[in-house]
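> Here you go, one structure.
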Amino acid sequence: MTDQPDILCIGSVLWDIIGRSPSTLRLGSDVPGRISRLPGGVAMNIAATLARFGLRPSVLTVIGTDAEGEDLVAACKPLGVGTDHAYRSPDLPTDRYMAIEGGGGLIAAIADAHSLEAAGDKILQPLADGALGSADTPWAGPVALDGNLTQALLAQIADSPLFAAADLRVAPASPGKAERLLPLLSHPRATLYLNLEEAGLLCQEHFADSRAAAEALLTRGARRVLVTDGGKPCSDGSPLGILSHQPPEVMVRRVTGAGDTFMAAHIVAETRGARRGEALRRALESAADYVSAEVG
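Here it is in structure tokens:
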């Protein structure tokens, strides 16, 4: 195995179709704004951010052989995201995500990730056939997992020898999919990245702040968790204790992809040797830069 990537990002790689307006939106609103189509998906967003910070990510996902899939593969290349190990299916269309964002943040979104769910463990084949590893010599680097994978596949990953040596970094794709992470909650090599709502859904409990959520997740067996809460303090919980840090105060111009940016920046900081507190600070600053950036 030569020319290996620095990190694997496993999950959704699709087209993000995002409509944004600075106006406050309500049901039935018809307002001017901008509509963009960009490579997206949790795994893709994380991979693109990792690449911007100088790492070499590769995605394990499904991408159709349709015109949208060919366009998506072509769009990934200049972003520094490797697609050589992606499962290319002639029978499954390329997935898509559509969202509407207004002045107050995300209004609504629909994720059409049915092809990823249908592909199942086919996307993991490079970890078994020697391309990236095998059961006898498993991948030993970092892996970013996203919750768009089915709960059955996440449970399979939790018990699989293919991931026995990996540093698992796990994030739900959305609050509605947070409970899919239950099989990985107590995994001895997993770090979970959650927002406050997702932490509450995973624990079936309401939390007043990120520190309380981190404490509860650790009590339930988590090895390590990072819990964000928008502009309020974020907490990093582990057996070493809980650290909390206040995000920078910025003008929010976009929200889709903010959590993925936070996770990627945190992974990069720790990969480069940053201590827990410094890694948390850098991740929050990167997320703040992302949400406050002008959107063309």
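When you line the sequence shown up against UniProt numbering, it's residues 1 to 296, in that order. We put the beta carbon where it would ideally sit given N, CA and C, even for glycine.
Identify whether residue 254 lies in helix, strand or coil by the three-state DSSP scheme.
As a working note, residue 254 is residue 254 in the sequence shown. In the structure shown, residue 254 sits in coil (DSSP, three-state: anything other than H, G, I, E or B).
> Using a threshold of 8 Å, state whether the C-beta atoms of residue 153 and residue 139 are closer than that.
Here residue 153 refers to the residue found at position 153 when the sequence shown is read from its first residue. Here residue 139 refers to the residue found at position 139 when the sequence shown is read from its first residue. No, the Cβ-Cβ distance between residue 153 and residue 139 is not below 8 Å.
> Return yes when the Cβ of residue 282 is within less than 8 Å of the Cβ of residue 243, no when it is not.
Here residue 243 refers to the residue found at position 243 when the sequence shown is read from its first residue. Here residue 282 refers to the residue found at position 282 when the sequence shown is read from its first residue. For residue 243 and residue 282, no; Cβs fall outside 8 Å.
> When the Cα atoms are used, what is the spatial distance from residue 286 to residue 57?
Here the question's residue 286 lines up with position 286 in the sequence shown. Here the question's residue 57 lines up with position 57 in the sequence shown. Roughly 18 Å separates the two Cα atoms.
> In the DSSP output, which residue or residues are listed as bridge partners for residue 98?
In the sequence shown, the residue the question calls residue 98 occupies position 98. Looking at the DSSP assignment, residue 98 forms a beta bridge with 17, 110.
> So, helix, strand or coil for residue 38, using DSSP?
Here the question's residue 38 lines up with position 38 in the sequence shown. Of the three classes helix, strand and coil, the one that applies to residue 38 here is strand, per DSSP.
> Measuring CA to CA, which of 219, 12, 135 is closest to residue 112?
Here residue 112 refers to the residue found at position 112 when the sequence shown is read from its first residue. For residue 112, the nearest C-alpha among the options comes from 12.
> So for residue 8, helix, strand or coil by DSSP?
Within the sequence shown, the letter at position 8 stands for residue 8. Three-state result, residue 8: strand.
> Per DSSP, what kind of secondary structure is residue 293 in: helix, strand or coil?
Here residue 293 refers to the residue found at position 293 when the sequence shown is read from its first residue. Looking at residue 293 - three-state DSSP - the assignment turns out to be coil, as it is neither helix nor strand.
> Please state whether the Cβ-Cβ distance between residue 210 and residue 196 is less than 8 Å.
If you number the sequence shown from 1, residue 210 lands on position 210. If you number the sequence shown from 1, residue 196 lands on position 196. Closer than 8 Å, so yes.
> In chain order, what residues of the same chain lie with their CB nearer than 6 Å to the CB of residue 82, ignoring the 5 residues before and after it?
Taking the first residue of the sequence shown as 1, we reach residue 82 at position 82. Same-chain partners within the cutoff: 5, 58.
> Using only alpha-carbon positions, find the residue among 223, 96, 101 that is nearest to residue 30.
Residue 30 sits at position 30 when you count from the first residue of the sequence shown. Ranking 223, 96, 101 by Cα distance to residue 30 puts 101 first.
> Helix or strand or just coil, what does DSSP make of residue 1?
One-based indexing of the sequence shown puts residue 1 at position 1. Here residue 1 scores only 42 on pLDDT, less than 50, and its place in the model is too uncertain to base an answer on.
> Kindly provide the ranges of any alpha helix (DSSP H) runs that are 4 or more residues long and lie completely inside the segment 136-208, ordered along the chain.
You should have 151-159, 196-203.
> Using the rule of at least 16 other Cβ atoms within 10 Å of the residue's Cβ for burial, across every protein chain shown, is residue 142 buried or exposed?
Within the sequence shown, residue 142 is the residue found at index 142, counting from 1. Burial call: buried.
> Over the uninterrupted beta strand (DSSP E) stretch that includes residue 238, give me the two end residues.
Position 238 of the sequence shown holds residue 238. Segment 232-238, the beta strand (DSSP E) holding residue 238.
> Which residues in the same chain have their Cβ closer than 6 Å to the Cβ of residue 105, if we skip the five residues on either side of it in sequence?
As a working mapping, residue 105 is identified with position 105 in the sequence shown. Cβ neighbours of residue 105 beyond the five flanking positions: 255.
> Suppose the cutoff is 7 Å on Cβ atoms and the five residues either side in sequence are ignored; what does the same chain contact list for residue 231 look like?
Against the sequence shown, residue 231 aligns to sequence position 231. Counting only Cβ-Cβ distances below 7 Å, and skipping sequence neighbours, we find 247, 249.
> I'd like the span of the alpha helix (DSSP H) that includes residue 217, first residue to last.
Mapped onto the sequence shown, residue 217 falls at position 217. Taken as a continuous stretch (DSSP letters only), the alpha helix (DSSP H) holding residue 217 covers 210-219.
> Identify whether residue 23 lies in helix, strand or coil by the three-state DSSP scheme.
Reading the sequence shown from its first residue, position 23 is the one you call residue 23. Reduced to three states, the DSSP call for residue 23 is coil.
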